[in-house]
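Below is one structure, written out as structure tokens; the observations come after it.
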Amino acid sequence: MQIIRDLAALHPAIAALRAKGRAGHEQMALVPTMGALHAGHMALVAEGRRRASQVVATIFVNPLQFGANEDLDRYPRREAEDLAMLDEAGCDLVWLPTADQLYPPGFATNITIAGISELWDGAARPGHFDGVATVVAKLLIATLPDVALFGEKDYQQLAVIRRLVADLGLPIEVAGVAIVRDADGLALSSRNMYLSSDERGRAVALPQALNAARDAIRAGTPVEDALGAARDTLAAAGFTDIDYVALVDAASLEPLATLSGEARLAAAAKLGKTRLIDNIAV
Numbered sequence: 032m033q034i035i036r037d038l039a040a041l042h043p044a045i046a047a048l049r050a051k052g053r054a055g056h057e058q059m060a061l062v063p064t065m066g067a068l069h070a071g072h073m074a075l076v077a078e079g080r081r082r083a084s085q086v087v088a089t090i091f092v093n094p095l096q097f098g099a100n101e102d103l104d105r106y107p108r109r110e111a112e113d114l115a116m117l118d119e120a121g122c123d124l125v126w127l128p129t130a131d132q133l134y135p136p137g138f139a140t141n142i143t144i145a146g147i148s149e150l151w152d153g154a155a156r157p158g159h160f161d162g163v164a165t166v167v168a169k170l171l172i173a174t175l176p177d178v179a180l181f182g183e184k185d186y187q188q189l190a191v192i193r194r195l196v197a198d199l200g201l202p203i204e205v206a207g208v209a210i211v212r213d214a215d216g217l218a219l220s221s222r223n224m225y226l227s228s229d230e231r232g233r234a235v236a237l238p239q240a241l242n243a244a245r246d247a248i249r250a251g252t253p254v255e256d257a258l259g260a261a262r263d264t265l266a267a268a269g270f271t272d273i274d275y276v277a278l279v280d281a282a283s284l285e286p287l288a289t290l291s292g293e294a295r296l297a298a299a300a301k302l303g304k305t306r307l308i309d310n311i312a313v
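Letter 233 of the sequence shown, counting from 1, is numbered 264 in the working numbering, and no numbers are missing.
And the structure:
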């Protein structure tokens, strides 16, 4: 596995990888990450290996997507462990850019995706998706993969990136990969390591509340009542600052008052100091 830290070395390394393509496969898959890797990230790499001849991953904790009072400084960083996991998973190249390479002196460009980025996490974390869109655009342009893989746990992020790629006309497929969960149903997340043992035990209320709401809606319970019960479940488990519990259209992310077509149930709330998000298909 190659490890690239300098942007000038990235382009020839990518060109060399592309020359090693396998017949019947896309040439290159990209897995962008912020490190602190877990089995969910490895599922992205595995899907990349299935679909493409070569898999490139990036590790970069992007300062643009953190708000003033968020966890940029304490976000987990464990480079050696991450690189070992990627190597074992069969990743071909890892790019670890520094902030000054992605945002050189005088950097003045910001990408805003109107509409879809302004709901839910966008409303709770102003400017977050501007930071996501800006860094992902730079990562995609620097590597120009055939397919880029993102986890469905960050479902709104996936939708924003799909809009970004479509609007910019980038010749890249954006593929979502199903959420990987612990045995008790909690979605894997780098932020789960912030949870105390007691909080980790109570965190399972998040997927349980969404599953119960899905079952209730399918059984004919009014959406508003099912969402209210989910909020009560979260509050009883000790969640605070419940940013949203919503039934949304799977494509537009607009809220739904009744179930129609493909939809997702999504929620975000804090447990202690840790903000957790989750979503399920309905």
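Glycine included, every Cβ here is placed at the ideal spot set by N, Cα and C.
Quick caveat: nothing in here was measured; it's all calculated off a predicted structure.
Best match in the options for proximity to residue i [C-alpha to C-alpha]
{"i": "E78", "options": "V62, T89, H69", "result": "V62"}
{"i": "A173", "options": "Q33, A40, L307, N310", "result": "A40"}
{"i": "W231", "options": "K301, A154, F181, G200", "result": "Reading off the sequence shown, one finds Arg at residue 231, where the question assumed Trp. Nearest option by C-alpha distance: K301."}
{"i": "L117", "options": "P202, Q33, G216, L241", "result": "Q33"}
{"i": "G146", "options": "D161, P135, A260, A139", "result": "D161"}
{"i": "T289", "options": "T264, E255, D272, A267", "result": "E255"}
{"i": "L175", "options": "H72, I311, A88", "result": "A88"}
{"i": "S291", "options": "A282, A299, R306", "result": "A282"}
{"i": "R222", "options": "Q239, R105, F181, A168", "result": "R105"}
{"i": "L38", "options": "G52, A50, D131", "result": "D131"}
{"i": "L241", "options": "I90, I203, G216", "result": "G216"}
{"i": "E112", "options": "A70, I142, V86, I311", "result": "A70"}
{"i": "D229", "options": "V86, L127, G303", "result": "G303"}
Cβ-Cβ distance between residue i and residue j below 8 Å
{"i": "L48", "j": "D123", "result": "yes"}
{"i": "A74", "j": "V208", "result": "yes"}
{"i": "V125", "j": "L133", "result": "no"}
{"i": "L296", "j": "R233", "result": "no"}
{"i": "L237", "j": "D309", "result": "yes"}
{"i": "E183", "j": "I144", "result": "no"}
{"i": "V276", "j": "L258", "result": "yes"}
{"i": "E149", "j": "V178", "result": "no"}
{"i": "Q187", "j": "L103", "result": "no"}
{"i": "V92", "j": "G52", "result": "no"}
{"i": "L195", "j": "I142", "result": "yes"}
{"i": "V191", "j": "A155", "result": "no"}
{"i": "A243", "j": "A267", "result": "no"}
Simplified DSSP assignment, three categories, for residue i
{"i": "P157", "result": "coil"}
{"i": "P43", "result": "helix"}
{"i": "A179", "result": "strand"}
{"i": "I34", "result": "strand"}
{"i": "T165", "result": "helix"}
{"i": "I308", "result": "strand"}
{"i": "L150", "result": "coil"}
{"i": "V196", "result": "helix"}
{"i": "A300", "result": "strand"}
{"i": "V191", "result": "helix"}
{"i": "L127", "result": "coil"}
{"i": "I144", "result": "coil"}
Residue(s) in a DSSP beta bridge with residue i
{"i": "A294", "result": "D280"}
{"i": "P286", "result": "V279"}
Within the region 49-116, ranges of the beta strand (DSSP E) (whole runs, at least 3 residues): 57-64, 83-90
Alpha helix (DSSP H) runs contained entirely in the region 199-283, provided each spans 4 or more residues: 228-234, 236-249, 254-267
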